[in-house]
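Peer 1: Just so you know, the sequences run in chain order A and B. All residue numbers for the first sequence refer to this note's numbering, where the first residue is 1 and numbers rise by one. All residue numbers for the second sequence refer to this note's numbering, where the first residue is 1001 and numbers rise by one.
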Amino acid sequence: MNIKIVHLYPDLLNLYGDRGNIQCMVMRCRWRGIDAQVKEYRLGDRVDFSDADIVLLGGGSDREQQIVCTKLQSIRSDFSAYVEDGGTVIAVCGGYQLLGHYYDTPDGRMEGLSLVDLYTQQGSPRLISNVILKNEEFPYEIVGFENHGGRTFIGDNKPFGTVAFGFGNNGEDGKEGVMYKNVIGTYLHGPLLPKNPHVCDRLIGTALERRFGSSQLEPLDDEDEKRANRYIVERFVKEEKQASDR
Amino acid sequence: MDIRRMTAVNTAKAASWASRLLGKGGTTFSGKLAMKMDPSVLKDLAAQVRKKIFVTCGTNGKTTTNNLLCSMLEAQGYKVVCNRMGANMLEGVAAAFAGAADLAGNLDADYACIEIDEASAVKVFRYFKPDYMIITNLFRDQLDRYGEIDIIMDVLEKAIRMAPDMKIIVNGDDSLAAFMAQETGNPYVCYGISEKVVSGQENSREVREGRFCKNCGALLEYDFYHYSQMGVYHCPSCSFKRPAIQYDASNVSFGNGLSFDVSGRHLEANYRGFYNIYNILAVWSAVSEAQLPTDRFNEVLGSYKPQFGRNEVFRLGESRVLLNLAKNPAGFNQNIAAVLEDKTPKDLIIVINDNAQDGKDISWLWDVDFDSLSHESIRSITVSGIRALDMHLRLKYVGIKSTTSPDTASAIRQKLSEGCKNLYVLVNYTALYDAHKLLQEMEKKYEH
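1. Whose C-beta lies closer than 6 Å to the C-beta of Val1124 (chain B) among residues of the same chain, with five residues either side of it excluded?
2. Does the beta-carbon distance from Gly253 (chain A) to Gly190 (chain A) come in below 7 Å?
3. Quick one: list the residues of chain B neighbouring Ile67 (chain A), beta-carbon separation under 9 Å, in chain order.
4. Spell out whether any CB of chain B is found under 7 Å from the CB atom of Asp53 (chain A).
5. Check each residue of the stretch 191-223 of chain A: if its Cβ is closer than 8 Å to any Cβ of chain B, include it; give the result in chain order.
6. Note down the Cα distance separating Ser1016 (chain B) from Asp1102 (chain B), rounded to an integer number of angstroms.
7. With a cut-off of 7 Å, does the C-beta of Lys1158 (chain B) fall near any C-beta of chain A?
8. Excluding sequence positions up to five away, which residues of its chain have a Cβ less than 7 Å from the Cβ of Val1494 (chain B)?
9. From the beta carbon of His189 (chain A), is the nearest beta carbon of chain B less than 7 Å away?
10. Are there 16 or more other CB atoms within 10 angstroms of the CB of Thr186 (chain A), so buried, or fewer, so exposed?
11. Please list, in chain order, the chain A residues whose beta carbon lies closer than 7 Å to that of Ser1040 (chain B).
12. Thr1382 (chain B) bridges to which residues according to DSSP?
13. Which same chain residues, not among the five before or five after Thr1063 (chain B), have their C-beta less than 7 Å away from its C-beta?
14. Are any of the Cβ atoms in chain A nearer than 7 Å to that of Leu1393 (chain B)?
15. Where does the unbroken beta strand (DSSP E) through Val1170 (chain B) begin, and where does it stop?
16. Report yes or no: do the stretch 104-119 of chain A and the stretch 62-81 of chain A share at least 3 C-beta pairs separated by less than 8 Å?
17. Can you round the beta-carbon distance between Asp1361 (chain B) and Asn147 (chain A) to whole angstroms, since I take them to be within the 8 Å contact cut?
18. With distance defined between alpha-carbon atoms, name the residue in B:Asp1165, B:Val1197, B:Ser1175 nearest to Asn1186 (chain B).
19. Quick one, which of B:Phe1370, B:Val1425, B:Asp1295 has its alpha-carbon nearest Ile1400 (chain B)'s?
20. To test your reading of the DSSP string, which unbroken alpha helix (DSSP H) runs of 4 or more residues are found completely within the stretch 1270-1314 of chain B?
21. Between B:Phe1254, B:Glu1148, B:Gln1440, which lies nearest to Gly1210 (chain B) when the distance is taken from Cα to Cα?
22. Going by beta-carbon coordinates alone, are Ser1363 (chain B) and Gly17 (chain A) separated by less than 7 Å?
23. So, is the C-beta of Asp1154 (chain B) closer than 7 Å to a C-beta in chain A?
24. Where Arg1379 (chain B) and Glu1318 (chain B) are concerned, what is the direct C-alpha to C-alpha distance, given to the nearest angstrom?
25. At least one CB of chain B closer than 7 Å to the CB of Gln23 (chain A): is that the case?
26. Quick one: which chain B residues come within Cβ less than 9 Å of Tyr16 (chain A)?
27. Could you check whether the Cβ of Arg46 (chain A) sits closer than 7 Å to any Cβ belonging to chain B?
28. Along chain A, which residues have their Cβ under 9 Å away from the Cβ of Asp1358 (chain B)?
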């Protein structure tokens, strides 16, 4: 079995250790005897979605995001068809914002891909924190780190999780990220996947399902991953409790 | 005599002395106290510097560059104010000046060598305008605290514009730093390395900053890279290019010690790490620009004792322990390269904390090329610190085994008793102080 991971614009969108997400997917495939190939596309390349199984869109600085955004419209219709067909996407930080209709900043509007019904507005201050999310679809918490000026609003879409610690999409509605078909958009980096092997396996699973019609994943020894995840949960739940006790 | 300043200076001295007695780094506290008692203490003291004020900014290499420059000036018999310990925010700078003043609140100094945190320069320059600023490089560092590298560039540029006569001495191989220096309109000179000396960089997966022209947004073209974004570059679509290099290192060799020629002189030092070529070049440029004598340059390089945690060597019985600070991807990659320049068997301990001064966001660990640590000379890796579990995971995903040890002291002790007598300890910022203290105490015990 083999799958193809498409990494969009890694030279621009690489701010928060996004390589770790790629590395995590590749290794968790390899440990199961699945061959995962990574195809990187640069700005101006024609992106071939036909043999893509997982697409990763990472985060960049506002300036670099602006550069990407002006070129992104050319892949919009292919990307949208891929998403509607159940293609797996993981979009982080800036990449998450680009999934939506637009990102409004004082300097003007950055048009997004409109793949998911959401939008973002710049706010102040930046929301910077460790994050813990809960989502019943996953066996334990999702942990990560957020650092974003944008406030994202996802309407009636399903969030990636509810915020147990941290700010989330906008610091107001207790939601973080978005899940739409097989797309996950989130502000969580850290990077996201190594400490959240359940999320990584979900991405691999939906990709295999679409490509081969089966998503039975051989379990791996995730003790190290779970310990690192657990550490964050316990530490910040404790911090929260101490703060509320004061 | 200015009573207010005198009181401020003496209070700062007392506070600094007391906190040293208590074993705490109280530099920031004493500086804060001095500025509170006399808000113009920094301005007044800086104005008493008889000749020139140098400041050093940039992500990596500040402390080494600044302290080395200070040593060069002292070797010529000058009196120099310097924040040697690297306390580089406004309060730390104030503390350095207060600490150098006499009990009457007056300063007897020919020069000042001050390293300044990039984001603090705008605050410091309200009190004095330096004559020279060295800019070492600009890399991603502590994104959670400072935001993106563009934000750092903006705030540093703002500071530079506050001192339009200040001459900038900039690393011309760094497209970001060089662009910024040109943008400000200040007078500037560049140092750099125009010959290719590092092989294999073409295939490196290293994260490179500023790949895109800051002027027009096009992808910069490189003849070659030294490391990260350091190299010889030009923009294919506008006029931006690597500026003319006034202090150009040639015949560069590094590995076991380093040497190069610049301005017709041969310089050599017993340091490891390619990045130290830039640190030395920066000092050479500063000394030359200020038209100071360079006759004792090699001698000072030879006797220079690095600030703690910068390639600092400890002898513990038969074991040699090298402690080095590695706090961001560019620095870490350079440190790993320096570790691997030593071909003999070694054990490695990596300590990662996530306190405010380290950056609470440790995702940068995934931008470091740890892959290269799967090297036959590295016999074991132990990970420690607050985020040991993350570091352990980071290595797992490049197929490298490591042992987690919650406490750095016991990790070091264990390797001393069972390791191969050649131990490297790489730590990030807040882990440095404790590791240094620990190793120093252990060294003393071995001596007795």
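For glycine and all other residues, C-beta sits at the position ideal for the given N, C-alpha and C. Computed from a prediction, not measured in an experiment: that's the story for all the values here.
Peer 2: Quick look at the numbers:
1. If we look at Val1124 (chain B) and ignore the five residues flanking it on each side, its Cβ neighbours are Leu1090, Val1093, Ile1116.
2. No statement about residue 253 (chain A) is possible, as the shown extent of chain A runs from 1 to 246 and does not include it.
3. Phe1212, Gly1217, listed in chain order.
4. Chain B, which has no Cβ nearer than 7 Å to the Cβ of Asp53 (chain A), makes this no.
5. The residues in question are Pro191, Pro194, Lys195.
6. C-alpha separation (whole angstroms): 14 Å.
7. No, Lys1158 (chain B) does not count as interfacial toward chain A.
8. Past the edges of chain B, shown from 1001 to 1448, lies residue 1494 (chain B), and the structure says nothing about it.
9. By this cut-off, His189 (chain A) is an interface position.
10. Burial is judged here by how many other beta carbons sit within 10 angstroms of a residue's own beta carbon; Thr186 (chain A) has at least 16 and is buried.
11. Ordered by position in chain A, no residue passes the 7 Å Cβ test against Ser1040 (chain B), which lies about 32 Å from the chain.
12. The partner list for Thr1382 (chain B) (beta bridge, DSSP) reads B:Ile1349, B:Thr1403.
13. Take Thr1063 (chain B), set aside five residues on each side of it, and the residues of its chain with a beta-carbon closer than 7 Å to its own are Gly1086, Glu1115, Gln1307, Arg1310, in chain order.
14. Taking Cβ atoms only, chain A reaches closer than 7 Å to Leu1393 (chain B), which makes this a yes.
15. From DSSP, the beta strand (DSSP E) with Val1170 (chain B) extends over 1167-1171.
16. When Cβ pairs closer than 8 Å are counted between the two stretches, the stretch 104-119 of chain A is seen to touch the stretch 62-81 of chain A, the count reaching three or more.
17. About 6 Å separates the Cβ atoms of Asp1361 (chain B) and Asn147 (chain A), confirming a contact at the 8 Å cut-off.
18. Residue B:Asp1165 holds the alpha-carbon nearest to the alpha-carbon of Asn1186 (chain B) among B:Asp1165, B:Val1197, B:Ser1175.
19. Comparing Cα-Cα distances from Ile1400 (chain B) to each of B:Phe1370, B:Val1425, B:Asp1295, the minimum goes to B:Phe1370.
20. Entirely contained in the stretch 1270-1314 of chain B, the alpha helix (DSSP H) runs reaching 4 residues are, in chain order, 1275-1289, 1297-1303.
21. Comparing Cα positions, the closest option is B:Glu1148.
22. Yes, Cβ-Cβ distance for Ser1363 (chain B) and Gly17 (chain A) is below 7 Å.
23. It does not; no Cβ of chain A falls within 7 Å.
24. Looking at the backbone, the Cα of Arg1379 (chain B) and that of Glu1318 (chain B) are separated by about 17 Å.
25. Interface residue, yes.
26. In chain order: Leu1143, Asp1361, Ser1363, Trp1364, Trp1366, Asp1367.
27. Arg46 (chain A) does not count as touching chain B.
28. Going along chain A, no residue has its Cβ under 9 Å from Asp1358 (chain B), so there is no contact; the nearest lies around 13 Å.
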